[in-house]
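Protein chains in written order, with this note's numbering: chain A, 1 to 281; chain B, 1 to 272; chain C, 1 to 277.
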Amino acid sequence: MNFIIDLILKLGKVDRRWIFLIIGVVVMIPLFYPLGLPIRATATTQQAYDAMDALPKGSKVLVSCEYGPSTKPEIDPMVRAVLRHLFKNGHQIYVTCLWPDGQFLAEEALDEIGGGEFGLTYGEDYVLLGFRPGNEAVVKGIVSDLRKLYTIDSRGTKVTEIPMMDGIHRFEDFDFLFSASAGYPGTIEWVQYAVDPTDVQMSTGTTSIQVNEVMPYVAAGQVQGILAGMPGAAEYEALIGVPGIGTSGMDAQSIAHLVIVLFIVLGNIGYFIERKRSKKY
Amino acid sequence: MLWKRQIPILIVAVIGSLTLFGWFIDEPHIKAFVDDDATQWYDILASFAIFLGGFNLLKLQLQKVLRKQAGWQYSLFAIGGFFFAVVAGFFYKGNPDVAWGTHVTAKGTLFKWMFTYMFAPMQATMFALLAFFVASASYRAFRIRNFEATLLLVAGIIIMIGRVPLGSNISSWFIMYLLVLVAGIAVNLIFKNKQYTLGAVAGGIALVTAAGMSMGWPLDQPGIFYLPYLQEWIYKFPNVAGARSIMIGIGLGIFATSIRYILGIEKSYIGE
Amino acid sequence: MFGEVLGAWIAVFLTLAIFSFLYKDNPFYKIAEHIFVGVSAGYWMSMFFWTQIQPNLFGRLWPATHYEDGFWYGIYDVLGMISSSIFPAGGIDKGHDLHFIYLIPFALGTMMLLSLVQKLNWFARWGIAYTVGMAAGLRAYGYLNSNVLGQVKGTIIPLANSDLPVFSLLGASHFNNLIILVGVVTGLLYFFFSKEHTGKFGKVTRVGIYFLMISFGASFGFAVMGRISLLIGRFVELITFSSAQYHHATLWVLVIMVALLGYSAYTDKENPEAEVS
C-alpha cells in the first residue's frame, strides 16, 4: 500500500516531458489502429441538421467560412459535411469568408465536393464570393448591399455576369446562413448584425473553444443548433452517412480525453495524500 | 496639440455617433455613407494598419541585425521569410495564367504554395502545441481545493468524456458503481469506521445490482447517470445560465465602453 | 510534383521544429518561430493589399470606367510605369465608379504608414481614431441588441405551464427553466460589486459562483477538446507526409532532428558550463 502511495507521489513530480510523450503516443496510436467507436449525434447537432434538412429544394444558402489553417482540423470536416448535405438536397450555395485564409480552404472544399464529387457547375450551383476584410463591417455590408461589397467573385468575374447571383442584392435574399466560425469575426457578428435585425435563420459550427460563447444564442433561439468542434463534425458526418476526417479523429480524441481525465484524477489523489501527510506532521 | 489630441477625439466622436445613430436614421445619404462608404473606409484603414505592423516588424528585425543584439542570427530568418512572402505576393506569380490580384487566392501560384506548405503548417502547429500544455497543466495544477473547484472539475470531466464516442459506450451502471465507491470513501472519511464503510459500499453495490437486474442493464438508463445525457443537460442548462450571465455582463460593459469612447471620456487610443 | 514534395519536406521540418519546443527551447524551434513571424507579416500584407487596397481604394480612385487623358489619370500612368501589376493600363477594372472622397481614407492610411518615422508617430492617431469610432458605434448597438436584449428575452421562459413536465433531462421542463432563471440572475448578481457580498446577498451570489464554475468547467472541457482536435490534425498531416509519395519526409526529418538534439543534449551533459545560445 505504501509502495503505491509513494509511486503516486513520485508521479506527481514527474518531468512534464513524459506527459507530453504520453499524450503524443496516445493520440498517434488510434490513428493507426482505429477502435471504430460508434458516434451518436447530440441534440444541438441534430437541431442544426434538421434546420438544414427542412430547407425547401433550391434554397439559396449562404455559407460563411471564418477559419484558418490553425483551426482546419475542427472546422473543415464540418464545412465539407454541410456542403455535402446541402448539395445533396439541391440547394444553391454562396460562399463568403470573413477570414482571408478561409477562402483557400473553402475553395479546396468547394472544388472537391461541388465540382468533383457532385459534378456541379461553378456559377450556377455554387459560387465563391471570397474574402473581404473589415470584420463586422463586411457583415453589415452584406446586409445592406452585397453587390457594393462584392463587385467580383474570388475568380475575378463580375457578379453581374454570374447566373446564380440574379436576385441576390442583400442578406435577406438568402434563405439560410451557415457560419463555420473559429473566432472573431464569426458567428457572433453574424447573429448581431445580420440574423437579429432580419428574418433569415442561421446555424453554425464552431471550434470547441468558442462553443460556450455561442451556446446562449442557441439556447435563446437566435441560432438553430451548433456543431461543436471535431466531435460535432463527426456527428454531422454520421447523420449524413458519409464518414470523413471528423470521424477518423474521434477514436484518438476519445482516448486522449480519457488519459487526461486519468491524469487529473491521479494528480488529485496525489494532492490529497500529500495534504493528509502534511496535516499528520 | 490640436492635431495630436483634439482632432482624433473629434473624429471618434463624429464617426462613432454617426455609426451608432445610423442604425436609427432613415435619411438615404447618411444611411448610404454609414452602411457602405464608412465600412469601406474602415476596411481600407484596417489594411493600412496591417502594412504598418509589417513594416514595423521589419524595422525591429533589421535593427536587431544591424546592432548585433542577442539572437540576431535568427532575425535573418524572419527577414528572409518576410521578403519571400513579399516576393510571392508582389513580384513573382508562378502561374502566368492568373491575373495579379487573384493570384493570392488562385491555385498554382507561389503564394498558394507558401500558404499550403509554410504558413498553414506553422500556424496550425503553434496552436497544436497547446494540447500538450493543457494536458500537463491539468495534471500538475488542477486541484480540488474547495467546492467551487470540485464543481469546475466535475463539469469539465463530464463534458470531456460525455461528448466523445467513448462516453456513449460507458454504461450508466458503471457510473453508478463508481458513485457507490466514491460514497464509500466519503463515509470512511466522515465516520472513520470500517464497518460503516463496508456496509455502505456493500449496500450500494447490492442496490445497484438489483436495480440493474430488474431493468435488464440498459446502456443509457437511468438517464441521469448516462454521461452523454448528463453532459447534454449540463451543457444546455446550468452552463448556459452561467455563460449567459457572463455574456450579458460583457454586453453591458462593451456598450458602456463604446459610449465612453464616443463621448471622449476614454482616450487610450491616443495613449492617455 | 517536385514543388509538392519540396513543400512537404519544408512543412514537415517546420512542424517538427515547432514540436521540438516540447523537449526544450532549441535552435530548430527558434528558426521556425522567426520564419513564421516573417512569413506571416508578408502574407497578411500581400493578402490585404490585393483584396482591399488595390481593388477597393485604388479601384475607386482610378476606375477603368472613367479612364481619360488628363491630370488625374496622368498620375495613374506614372504609377503604372512603376508597377504595371498594381496599376494596369487603362485603369483598374473592379466595377467601381470614381469617388474622390476616397482620398480621405487614402490620406489617413498614408499618415498611418508615415507614423513609422519617429517624429511623425502621432500621424497614426487619426486613422486609429477613425477605426475606434467606427468600431465603438457598431459594437454599441450590436452587443446591446444581441448580447443583452436578446439574452434577456431568451431568459424569459415559462415557469408555470401545464404543457411542460416538472423535470426532463433533455427537453424543456419547469425544473430546467428554473435552473436557467436562477443561474442567470444569481450569476449577474455576483458581478454587482457596488454592494458587499455578505449575509443573504452573499448566499445568493455564492449560488451564482456555482453556476459560473459549472460554466467554466464546461469551457475547460471544450478547450481540451479543441486542442486535442488540432493536434490530431497535425498528426494526420505528418502521417500523410511519411508516405513513399513524399519520400518518407516525416521519418527522415524526425530521425535527423532527434539525432541532432540527442547529440546536443549529450554534449551539454558532458560540458554543463558551456553556454547554449
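Cβ coordinates follow ideal geometry from the N, Cα and C atoms, glycine included.
- Within chain A, the residues placing a beta-carbon under 9 Å from that of residue 232(B) are 42, 43 and 44, ordered along the chain.
- Contact between the stretch 4-23 of chain C and the stretch 157-169 of chain C is absent: fewer than 3 CB-CB pairs across the two stretches fall below 8 Å.
- Within chain A, the C-beta atoms nearer than 8 Å to that of residue 160(B) come from 257, 260 and 261, in chain order.
- Here residue 61(A) is not near residue 196(A), since their CB atoms are 9 Å or more apart.
- Counted as a single uninterrupted DSSP element, the beta strand (DSSP E) harbouring residue 94(A) occupies residues 92-97.
- For residue 144(B), at least one C-beta of chain A is nearer than 9 Å to its own C-beta.
- With its beta carbon less than 9 Å from one in chain A, residue 153(B) belongs to the interface.
- With contacts defined by Cβ atoms closer than 9 Å, residue 9(A) and residue 246(A) do not form a contacting pair.
- Proximity to residue 140(A) across 194(A), 243(A), 221(A) and 73(A) peaks at 194(A), based on C-alpha coordinates.
- The CB of residue 4(B) comes closer than 7 Å to the CB of 122 and 125 in chain C, given here in chain order.
- The CB of residue 145(A) comes closer than 8 Å to the CB of 35 and 36 in chain B, given here in chain order.
- Taking 9 Å as the CB threshold, residue 203(A) stays off the interface with chain C.
- Counting only residues of its own chain and dropping the five nearest sequence neighbours on each side, residue 64(C) has a CB closer than 7 Å to the CB of 90, 91, 92 and 93.
- Beta bridge pairing from DSSP links residue 8(B) with no other residue.
- Scanning the stretch 131-170 of chain B for uninterrupted alpha helix (DSSP H) segments of 4 residues or longer gives 147-162 and 165-168, listed from N- to C-terminal end.
- Contacts with chain C at 9 Å (Cβ-Cβ) do not include residue 140(B).
- Residue 60(C) sits buried, since 16 or more C-beta atoms from the chains shown fall within 10 Å of its C-beta.
- Interface residue (Cβ-Cβ distance to chain B less than 9 Å): residue 113(C) is classified as such.
- With respect to chain B, the C-beta atom of residue 52(C) has a partner C-beta closer than 9 Å.
- Interface with chain A (9 Å Cβ-Cβ cutoff): residue 171(B) is excluded.
- When the beta-carbon positions are compared, residue 124(C) and residue 12(B) stay at least 9 Å from each other.
- Where residue 164(C) is concerned, there is no enclosing beta strand (DSSP E), because DSSP gives it neither an H nor an E.
- DSSP places residue 221(B) outside both helix and strand once states are collapsed to three, so it counts as coil.
- Your pair residue 37(A) and residue 248(A) does not check out as a contact, with CB atoms roughly 12 Å apart and the cut at 8 Å.
- In the DSSP annotation of this structure, the continuous segment of the beta strand (DSSP E) that includes residue 66(A) starts and ends at 60-66.
- Residue 6(B) is classed as exposed because its beta carbon has fewer than 16 other beta carbons within 10 Å across all chains shown.
- Nearest CB-CB separation between residue 27(B) and chain C: not below the 9 Å threshold.
- Following the DSSP letters along the chain, one finds residue 33(A) in no alpha helix (DSSP H), marked with neither H nor E.
- Remark: three or more beta-carbon pairs, one from each stretch, lie closer than 8 Å, so the stretch 205-212 of chain C and the stretch 174-189 of chain C are flagged as touching.
- Burial check for residue 266(C): the Cβ neighbour count within 10 Å stays below 16, so the residue is exposed.
- The beta-bridge partner set that DSSP reports for residue 176(A) consists of 61(A) and 201(A).
- Below the 8 Å Cβ cutoff, chain A contributes 151 as neighbours of residue 96(C), in chain order.
- Remark: three or more beta-carbon pairs, one from each stretch, lie closer than 8 Å, so the stretch 70-78 of chain A and the stretch 175-188 of chain A are flagged as touching.
- With a beta-carbon spacing of about 6 Å, residue 45(B) and residue 109(C) fall inside the 8 Å limit used to define contacts.
- Using a Cβ-Cβ cut-off of 9 Å, residue 1(C) does not count as an interface residue toward chain A, since no Cβ of chain A sits closer than that to its own.
- Under the 9 Å criterion on CB atoms, residue 87(C) is classed as non-interfacial with respect to chain A.
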